[in-house]
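In this note's numbering, the protein residues as written are -16 to 76.
Ideal placement from N, C-alpha and C gives every residue a C-beta, glycine not left out.
Presented below is the structure to which this report refers.
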């Protein structure tokens, strides 16, 4: 009977099975399908997380640029520039 079970086993090289000392595991066909699906889902989650992180960083950079642009065009900065152009003599008269 063990020889029949051995013939049904398949070499699995998924992330989980490749961690052991042999670098693979002998598992049933059903188990290997489960491991493949699990590896694929983990890969998709990693890509999704990476993409979300990249979008967050890009949004933060855009907000920083917008804030700098808004500060440069704000009425307060224009008033400060105009105040710098006024001479002391004009204010006394």
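query                                                                                                        : result
Between 12, 1 and 31, which lies nearest to residue -8 when the distance is taken from Cα to Cα?             : 12
So what does DSSP say about residue -16, is it helix, strand or coil?                                        : Residue confidence for residue -16 is low, a pLDDT of 47 falling below 50, so the modelled location carries little weight; the figure read from the coordinates is stated next. In this structure, residue -16 counts as coil in the three-state DSSP scheme.
Does the distance from the CB of residue -3 to the CB of residue 22 come in under 9 Å?                       : yes
Rounded to whole angstroms, what's the CA-CA distance from residue 17 to residue 46? Just pull it up for me. : 43 Å
Three-state secondary structure (DSSP) at residue -4?                                                        : coil
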